[in-house]
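Engineer: Per my numbering, the sequence shown runs over residues 4 to 459.
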Amino acid sequence: MKVLYDNTLKVGGIGICPWTRLGPEKWFPEYKIASFFNPEADVDGMPSTYGVHGKGADTLIRYNSVQLLKEPAFQALLHDHFPGYKLFTYKSAEAPDAIEEYLLRPDERYAGLTKILENKAEFRRLFASDSIRFPEFTIYAKDSLLSLPIELLRKDAGVVVQDAVLSGGKGTFFVDDEESLLKAKRVLSKSTSTEVVVSKAVSNPNERSIQCVATKRGVFMGPVQAQIIDEPLLINRDVEGAEKFCGVVIDPHLTTAAQKQVIRSTAQQIGEKIVAMGYTGIFGIDFLIDENGEVFVLEVNPRITGATPLLTAFYSSDQFVPFYLLHILEIMNQDYEIEQIDGLTDAYSEMHPSSLMILHSQEATRVEVVKTVRTGIYSSNLEFIAPSVVFDDMKEGEYLIQSIAPAGVKVSPAARLLSIYYKGSVLDENGKISKKVQADIDTLYKNITVIEATKE
């Protein structure tokens, strides 16, 4: 796909970690990043990046963009380095008046629509009558669910209980006994949501997703992706309410042609409806495939997705969809033209396999990172090659590793530590992380040193 647009636009990204906002520099030469953690020095391929960690801004209660926007040192950074820029966050966030002018946000109607679509209960109400296939479900008021006995929740081999608004798998629980129900209740009781979705458990499911972008020329889709969810090699399952998203794999061989067709036609149907409702930009849809090969819809994520960094990283040809570029142009309501849109499906069906894994802290308590893995490209044997975030020259089997939590940072249980990109599929023919990659994950953990965090 070729897009004609104004590449002199002054746009930037905001994130706790600079790596999460990489990508738009491919299309905007003046792109900059404002972050909390400072990037490591001399990393090839980094756009201009400014961080406030260690500069009088170490009082964040939680590491998220909402807290960052309130930090006086960060506000000063925007005034000093981003005059005339419009910056975006992972999710739409309210900005203090002092920096309102810098934040790129959709209008109120768009923001309200996003909240509706992200809500798992509202999403089902909108689409359950449209021949969209969901696992059998019931929507409960959260307060009534919390008082229900386990016998009323049991359906065959168990149920899946989902908080309506929590993302990243934080509010999703498989419930088949009293202990698992109590765990779900503890987390759900802390959520601001008023509803939960209880679904019949899908037998031996495979997680799949697809990223799309809604534009004035229609809905464009990427490849079908395999999701890595709740993987004990990459997260600590004992931390209640923690993120369960561990990564994504693009590999045409992991999903049958018939399943891909169902996923793509369903995504097109959902995309056309949310466009008619007023949504534009990136959105992702999550699916489950059961042991019989049947495809079910789980949820829609009307925002940048966990797969966006991977699709952006390996974008290097007009054969593919420039998701991030189109997302920014749509959100900014910019004029642009799209050319060369034929053959995108064929290009993705032949796309070289690629993977992204997120390595989380396995500690049960808050810890301070003393030593971590250096950001850069590594060989298949995890030998350091170059301090770079440029994917174009990576060879088969090589890694690009990004340090999310630098030395000196205190991280909570189950917090993200590393982003691990792999040129190839990290999954074997059974859809499990391969033995070789398992050994590499273990090596990476051993190269991260933490100590018990002092109380603040």
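A virtual CB, placed ideally from N, CA and C, is assigned to each residue, including glycine.
Counting pairs of Cβ atoms below 8 Å between the region 280-294 and the region 211-227, do you hit three or more?
Structural biologist: Contact holds: three or more Cβ-Cβ distances are below 8 Å.
Engineer: Specify the secondary structure class of E399 as computed by DSSP and reduced to three states.
Structural biologist: Coil.
Engineer: Would you kindly check if the distance between the Cβ of A417 and the Cβ of V242 is under 8 Å?
Structural biologist: It is a contact, given that the beta carbons lie within the stated cut-off.
Engineer: If you drop the 5 nearest sequence neighbours on each side, which residues of the same chain put their C-beta closer than 8 Å to that of S194?
Structural biologist: Only K145, D166, V168, L169, G174 meet the Cβ criterion.
Engineer: Check whether the region 331-341 and the region 392-410 touch, using three or more Cβ-Cβ pairs below 8 Å as the test.
Structural biologist: Short answer: they don't touch.
Engineer: Between L430, A279, A408, which lies nearest to G18 when the distance is taken from Cα to Cα?
Structural biologist: Comparing Cα-Cα distances from G18 to each of L430, A279, A408, the minimum goes to A408.
Engineer: Which term fits L329, buried or exposed, when burial requires 16 or more other beta carbons within 10 angstroms of its beta carbon?
Structural biologist: That one is buried.
Engineer: Since M224 is in the alpha helix (DSSP H), which residue starts that stretch and which ends it?
Structural biologist: Unbroken run through M224 is the beta strand (DSSP E), 221-232; no alpha helix (DSSP H).
Engineer: Between which two residues does the alpha helix (DSSP H) carrying T468 extend?
Structural biologist: Outside the shown range of the chain (4 to 459) lies residue 468, about which nothing can therefore be said.
Engineer: Classify E455 as buried or exposed, calling it buried when 16 or more other Cβ atoms lie within 10 Å of its own Cβ.
Structural biologist: Exposed, because fewer than 16 other Cβ atoms sit within 10 Å of the Cβ of E455.
Engineer: Can you tell me whether H363 is buried or exposed, with buried defined as 16 or more other CB within 10 angstroms of its CB?
Structural biologist: Buried, because 16 or more other Cβ atoms sit within 10 Å of the Cβ of H363.
Engineer: Please list the terminal residues of the continuous beta strand (DSSP E) segment that includes T218.
Structural biologist: 209-218 is the span of the beta strand (DSSP E), which, as asked, contains T218.
Engineer: Tell me, please, which residues DSSP counts as bridged to R419.
Structural biologist: Paired residues: H363.
Engineer: I want to check one thing, is the minimum distance from the CB of T375 to the heavy atoms of the ligand GTP below 7 Å?
Structural biologist: Questions concerning the ligand GTP fall outside what the structure shown contains, since it holds no ligand whatsoever.
Engineer: Which same chain residues end up closer than 7 Å to A101 when comparing Cβ atoms and leaving out the 5 residues on each side of it in sequence?
Structural biologist: Q78, listed in sequence order.
Engineer: With a 10 Å radius around its C-beta and 16 neighbouring C-beta atoms as the bar for buried, classify G15 as buried or exposed.
Structural biologist: Per the 10 Å Cβ criterion, buried.
Engineer: Contact between the region 419-434 and the region 76-90: three or more CB pairs below 8 Å?
Structural biologist: No, because fewer than three Cβ pairs between the region 419-434 and the region 76-90 fall closer than 8 Å, the two stretches do not touch.
Engineer: Report back the beta-carbon spacing between V55 and E43 to the nearest angstrom; my notes put them in contact at under 8 Å.
Structural biologist: At roughly 16 Å, the Cβ-Cβ gap does not stay under 8 Å, so V55 and E43 are not in contact.
Engineer: Going by CA-CA distance only, name the one from Y318, K203, I238 that's closest to L25.
Structural biologist: The candidate whose alpha carbon is nearest that of L25 is Y318.
Engineer: Take M49 and list the residues in its own chain whose beta-carbon comes closer than 7 Å to its own, dropping the five residues that flank it on each side.
Structural biologist: Result list for M49: P42, V392, in chain order.
Engineer: Whole angstroms are fine: how far does the CA of A96 sit from the CA of L461?
Structural biologist: As shown, the chain starts at 4 and ends at 459. That puts residue 461 outside it, with no answer to give.
Engineer: Would R377 and P390 be called neighbours here (beta carbons separated by less than 8 Å)?
Structural biologist: Yes, the pair counts as a contact, with Cβ atoms nearer than the cut-off.
Engineer: Let me know the beta strand (DSSP E) ranges lying completely inside the region 156-205, each 3 residues or longer, listed in chain order.
Structural biologist: Counting only runs of 3 or more, we get 162-166, 175-178, 198-203.
Engineer: Mark T259 as exposed unless 16 or more other C-beta atoms lie within 10 angstroms of its C-beta, in which case mark it buried.
Structural biologist: Label assigned to T259: exposed.
Engineer: Over the uninterrupted alpha helix (DSSP H) stretch that includes V69, give me the two end residues.
Structural biologist: From DSSP, the alpha helix (DSSP H) with V69 extends over 68-73.
Engineer: Taking its Cβ as the centre, do 16 or more other Cβ atoms sit within 10 Å of S352, making it buried, or is it exposed?
Structural biologist: Exposed, since its Cβ has fewer than 16 Cβ neighbours within 10 Å.
Engineer: Measure the C-alpha to C-alpha separation of V227 and I266 and round it to an integer number of angstroms.
Structural biologist: Using only the alpha carbons, I get a separation of about 8 Å.
Engineer: Considering Cα atoms alone, identify which of N67, S68, A76, L12 is closest to G57.
Structural biologist: Nearest C-alpha to G57: A76.
Engineer: Please name the residue or residues paired with F140 in a DSSP beta bridge.
Structural biologist: Note: F140 sits in a beta bridge opposite S202.
Engineer: Quick check on G54: does DSSP put it in helix, strand or coil?
Structural biologist: In the structure shown, G54 sits in a strand (DSSP, three-state: E or B).
Engineer: So which of K94, E297, K186 has the shortest CA-CA distance to P269?
Structural biologist: It is worth fixing the name first, because residue 269 is Thr in this sequence and not Pro. With distances taken between Cα atoms, T269 lies closest to E297.
Engineer: Tell me where the alpha helix (DSSP H) around A439 begins and ends.
Structural biologist: Note that residue 439 is Lys in the sequence shown here, rather than Ala. That run of the alpha helix (DSSP H) goes 438-449.
Engineer: Going by beta carbon distance, what residues of the same chain come within less than 7 Å of G171, once the five residues before and after it are set aside?
Structural biologist: Contacts found: E246, K247, F248.
Engineer: Based on Cα-Cα distance, which residue from I36, F40, F31, E340 lies nearest to T218?
Structural biologist: Here the closest residue by C-alpha is E340.
Engineer: Select from E28, S196, D233, M354 the residue whose C-alpha is nearest the C-alpha of I361.
Structural biologist: Answer by Cα proximity: D233.
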